[in-house]
Amino acid sequence: PNCDKITPGMLLAAVRTNVPAIFCSGGPMKAGLSAQGKALTLSTMFEAVGAFKEGSITKEEFLDMEQNACPTCGSCAGMFTANSMNCLMEVLGLALPYNGTALAVSDQRREMIRQAAFQLVENIKNDIKPRDIVTKEAIDDAF
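The opening residue of the sequence shown carries number 5 in this note's numbering; numbering runs sequentially from there.
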């Protein structure tokens, strides 16, 4: 799950159906780099649209940003709803550490997927279900 409404919806489904589950996000994309080596993110692009409309950056600068801001697969490169919801899944106990922050194209993400599969099998063997994990205390911790 990588978008803002997907993760909460899947959380509701996991708790409601109460079958063993573990969340493993696709992860955020890497930040891009402009031709000058400046870091670019989705936020940079939001600002660039306004800057281009008001004439404070050139068309070439805008196109450079547009072509380089999102260089890999993954959710938006920033702590927006998709990534923050996946961090909340960690706190709730339904995702492994770094689920909300490990890059989509990283070895860390690949290893996390392997560990998540192992943990899911362990949860099934031990009959650990979402309602055993997502308690009132876990929800209080998350918020």
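Glycine residues also receive a C-beta, built at the ideal position from the N, C-alpha and C atoms.
Item checked: Own chain, CB closer than 7 angstroms to Pro12, minus 5 neighbours either side, in chain order -> Position 8 of the sequence shown holds residue 12. Counting only Cβ-Cβ distances below 7 angstroms, and skipping sequence neighbours, we find Met89.
Notebook entry, point to check: Apart from the five residues on each side of it in sequence, which residues of its chain come closer than 7 angstroms, Cβ to Cβ, to Leu37?
Noted result: Translated into the one-based positions of the sequence shown, residue 37 becomes position 33. Within its own chain, the residues whose Cβ lies closer than 7 angstroms to the Cβ of Leu37, once the five positions on either side in sequence are excluded, are Ala43, Leu44, Asn72, listed in chain order.
Margin query: I need the straight-line Cα distance from Gly30 to Val53, nearest angstrom please.
Written below: The residue labelled residue 30 in the question sits at position 26 within the sequence shown. The residue labelled residue 53 in the question sits at position 49 within the sequence shown. Going from the Cα of Gly30 to the Cα of Val53 covers about 27 angstroms.
Item checked: Proximity to Glu146 [Cα-Cα], best of Pro75, Val125, Leu92, Pro24 -> Here residue 146 refers to the residue found at position 142 when the sequence shown is read from its first residue. The sequence shown places Ala at residue 146, not Glu. Ala146 has its Cα closest to that of Leu92, out of Pro75, Val125, Leu92, Pro24.
Check: If you draw a straight line from the alpha carbon of Ala108 to that of Leu46, how long is it in whole angstroms?
Finding: Position 104 of the sequence shown holds residue 108. Position 42 of the sequence shown holds residue 46. So the two alpha carbons sit approximately 16 angstroms from each other.
Next item on the list: Indicate the three-state DSSP secondary structure (helix, strand or coil) for Ser60 in the structure shown.
Entry: Reading the sequence shown from its first residue, position 56 is the one you call residue 60. Looking at Ser60 - three-state DSSP - the assignment turns out to be coil, as it is neither helix nor strand.
Next item on the list: Under 8 angstroms Cβ to Cβ from Cys77, same chain only, skipping five residues before and after it: list those, please.
Entry: As a working note, residue 77 is residue 73 in the sequence shown. Cβ-Cβ distances below 8 angstroms link Cys77 to Gly30, Met33, Ala108, Val109 in the same chain, with the five nearest sequence neighbours on each side left out; the list follows chain order.
Notebook entry, point to check: Taking only runs of the alpha helix (DSSP H) that begin and end inside the segment 7 to 65, which ones reach a length of at least 4 residues, in chain order?
Noted result: 10 to 21, 46 to 58
Margin query: Using CA atoms only, rank isn't needed, just tell me which of Thr21, Phe27, Asn22, Val23 is closest to Ile10.
Written below: Against the sequence shown, residue 10 aligns to sequence position 6. The shortest Cα separation from Ile10 among Thr21, Phe27, Asn22, Val23 belongs to Phe27.
Note to self: Tell me which residue opens and which closes the alpha helix (DSSP H) that Met93 is part of.
What the structure shows: For this step, residue 93 is matched to residue 89 along the sequence shown. Looking at the DSSP string, the run of the alpha helix (DSSP H) that includes Met93 is 85 to 96.
Next item on the list: Enumerate in chain order the residues of its own chain whose CB-to-CB distance from Gln112 is below 6 angstroms, with the five nearest sequence positions on each side excluded.
Entry: Numbered from 1 along the sequence shown, position 108 holds the residue referred to as residue 112. Contacts found: Ala106.
Note to self: I need the boundaries of the alpha helix (DSSP H) containing Phe147, first residue and last residue.
What the structure shows: Indexing the sequence shown from 1 puts residue 147 at position 143. No alpha helix (DSSP H) contains Phe147, which DSSP labels as neither H nor E.
Next item on the list: Please report the residue range of the alpha helix (DSSP H) in which Lys129 lies.
Entry: Here residue 129 refers to the residue found at position 125 of the sequence shown. Per DSSP, Lys129 belongs to the alpha helix (DSSP H) from 111 to 129.
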